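Student: Handing you a structure now.
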Amino acid sequence: MLVWGLGDGAFMVKTVIAASTHNAKSPFNSWLKDLYNLGFRYLDVEFFRIIDEPYCFKDGVVKIGRLKTDYLKELKQWVDKGLMQVVSFEAGSLYVDDEERLKRSLTRIRKVVAEAESFKCPIVSVTPTSFKKGISMDTVVCCCKKLMDECSCYDVKLALENGEVGSIKILRKPEDIDYVLRKVGSPRLGFCLDVAAAATIDFDVSSYASKLLDHILVIHMNDITKDLRFKNLIIGLGDLEFKPLLAMVKPRRIPLVIEIYSGYSPIDLYLCRRQIEKLVKQVDC
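Residues 530 to 814 in our numbering are what the sequence shown spells out, letter by letter.
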């Protein structure tokens, strides 16, 4: 994947490391200023947040958090001035339970894709989700094909995000993700790797990633403890081994998004970025 630069449009050769609005604080503009002063120039926009812990609410309704409209307007001003660049949008769940939920999901995701295109953002991540157990991968394939049809007029790639054990997110095993991607068969559909979620399936995350390497469009970077009790930690506070993973993805210029616990501050994001930068420098290409 080619990684674009700021200002003059020249392509960059370094690894892009982005913060996420997952960690946004109020006032939002002050939060952006803090990030900028700490050296961040790239951002992931969590347009819709899936809140699934506890994930099953009354009548099978899941709580969805939406980025405030005012935040989006402020961010657009930063982007238009060339101060910040958006590498990815997160569009939340693609519900595959029934036609009505699927239809609402497609409408919502299409709006996010249109918004992403207005930011000149090339990637939108989507998470296939279900309240029902035993959803077949062929059902997911069918829903993803409808998603691709809905978004065919936009110059944006879609990335399916993996989920952790015990969540309502369907795509967990790399074999299932590979099956869906192959069956949909679109060059505009790829994979968003959430590292901590992958670790709940295979703690050797480099092994997990290697099975989907050609499909990875963006990586959500976070750490997790070996016993899986504490996740979405700053890199280095958990037990994951990141060097083998970074050795694989560094030559491919895949954007790395810091996706850690929402309570972390800009300083915490900066410290996490420093940890990633150190690891990237230690990796031989």
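Every residue gets a Cβ at the ideal spot worked out from N, C-alpha and C, and that includes glycine.
Note that the structure is a prediction, hence the values are computed from the model and not measured.
Quick one: measure Cβ to Cβ for A728 and V685, integer angstroms, because I've assumed they're closer than 8 Å.
Tutor: Here residue 728 is taken as the residue at index 199 of the sequence shown, counted from 1. Here residue 685 is taken as the residue at index 156 of the sequence shown, counted from 1. About 28 Å separates the two Cβ atoms, so there is no contact after all.
Student: So what's R570 in DSSP terms, helix, strand or just coil?
Tutor: Here residue 570 refers to the residue found at position 41 when the sequence shown is read from its first residue. Reduced to three states, the DSSP call for R570 is coil.
Student: Between the C-alpha atoms of C721 and F732, what's the straight-line distance to the nearest angstrom?
Tutor: Here residue 721 corresponds to residue number 192 of the sequence shown, with the count starting at 1. Here residue 732 corresponds to residue number 203 of the sequence shown, with the count starting at 1. Roughly 17 Å between the two C-alpha positions.
Student: Tell me, please, which residues DSSP counts as bridged to T656.
Tutor: Taking the first residue of the sequence shown as 1, we reach residue 656 at position 127. Paired residue(s): S622.
Student: To the nearest angstrom, how far is it from the Cα of A547 to the Cα of L631?
Tutor: For the purposes of this step, residue 547 is identified with residue 18 of the sequence shown, where counting begins at 1. For the purposes of this step, residue 631 is identified with residue 102 of the sequence shown, where counting begins at 1. A547 and L631: Cα-Cα distance of roughly 30 Å.
Student: Please report the Cβ distance between V641 and V653, rounded to the nearest whole angstrom; I am assuming they are in contact, meaning their Cβ atoms lie under 8 Å.
Tutor: Within the sequence shown, the letter at position 112 stands for residue 641. Within the sequence shown, the letter at position 124 stands for residue 653. Contact holds; Cβ gap of about 6 Å.
Student: Any idea what DSSP makes of C721, helix, strand or coil?
Tutor: On the sequence shown, residue 721 is found 192 positions in, with the first residue counted as 1. C721 falls in the strand class under three-state DSSP.
Student: From the DSSP secondary-structure annotation, give me the bridge partner or partners of R637.
Tutor: Within the sequence shown, numbered from 1, the residue matching residue 637 stands at position 108. Paired residue(s): none; R637 is not in a bridge.
Student: Quick check on D816: does DSSP put it in helix, strand or coil?
Tutor: In the structure as shown, the chain begins at 530 and stops at 814. Residue 816 is therefore absent and cannot be evaluated.
Student: With 16 as the cutoff for other CB atoms within 10 Å, does N566 come out buried or exposed?
Tutor: Along the sequence shown, one-based indexing puts residue 566 at 37. N566 should be labelled exposed.
Student: Identify the continuous beta strand (DSSP E) that holds L762 and give its terminal residues.
Tutor: Here residue 762 corresponds to residue number 233 of the sequence shown, with the count starting at 1. It spans 760 to 762 - the beta strand (DSSP E) in which L762 sits, taken as one unbroken run.
Student: Within 10 angstroms of the Cβ of S681, are there 16 or more other Cβ atoms? Answer buried if so, exposed if not.
Tutor: As a first step, residue 681 must be located in the sequence shown, where it is residue number 152. Per the 10 Å Cβ criterion, exposed.
Student: Go to L785, then tell me how far its beta strand (DSSP E) extends in each direction, as first and last residue.
Tutor: The count along the sequence shown starts at 1 and reaches residue 785 at position 256. Run containing L785: 785 to 787, per the beta strand (DSSP E) assignment.
Student: Report the CB separation of L687 from L676 in whole angstroms; it is logged as a contact under 8 Å.
Tutor: Here the question's residue 687 lines up with position 158 in the sequence shown. Here the question's residue 676 lines up with position 147 in the sequence shown. Going by Cβ atoms, the distance from L687 to L676 rounds to 7 Å, so yes, they are a contact pair.
Student: Give the range of the alpha helix (DSSP H) segment to which K605 is assigned.
Tutor: The count along the sequence shown starts at 1 and reaches residue 605 at position 76. That run of the alpha helix (DSSP H) goes 598 to 609.
Student: Of all the options E629, V616, L635, which has the alpha carbon lying nearest to the alpha carbon of S647?
Tutor: Reading the sequence shown from its first residue, position 118 is the one you call residue 647. Cα-wise, what sits closest to S647 is V616.
Student: Between which two residues does the beta strand (DSSP E) holding L687 run?
Tutor: Start at 1 with the first residue of the sequence shown, and residue 687 comes out as number 158. From DSSP, the beta strand (DSSP E) with L687 extends over 686 to 690.
Student: Closer than 7 Å by C-beta to S735: which residues in its own chain qualify, once you throw out the five before and the five after it? Chain order, please.
Tutor: Here residue 735 is taken as the residue at index 206 of the sequence shown, counted from 1. Within the same chain, S735 has close Cβ partners P773, L774, M777.
Student: Tell me which residue opens and which closes the alpha helix (DSSP H) that I796 is part of.
Tutor: Indexing the sequence shown from 1 puts residue 796 at position 267. It spans 795 to 811 - the alpha helix (DSSP H) in which I796 sits, taken as one unbroken run.
Student: Express the C-alpha separation of I763 and E788 in angstroms, rounding to a whole number.
Tutor: Here the question's residue 788 lines up with position 259 in the sequence shown. Here the question's residue 763 lines up with position 234 in the sequence shown. Whole-angstrom Cα-Cα distance: 9 Å.
Student: Taking buried to mean at least 16 other C-beta atoms within 10 Å of its own C-beta, is Q606 buried or exposed?
Tutor: In the sequence shown, residue 606 corresponds to position 77, counting from 1. That one is exposed.
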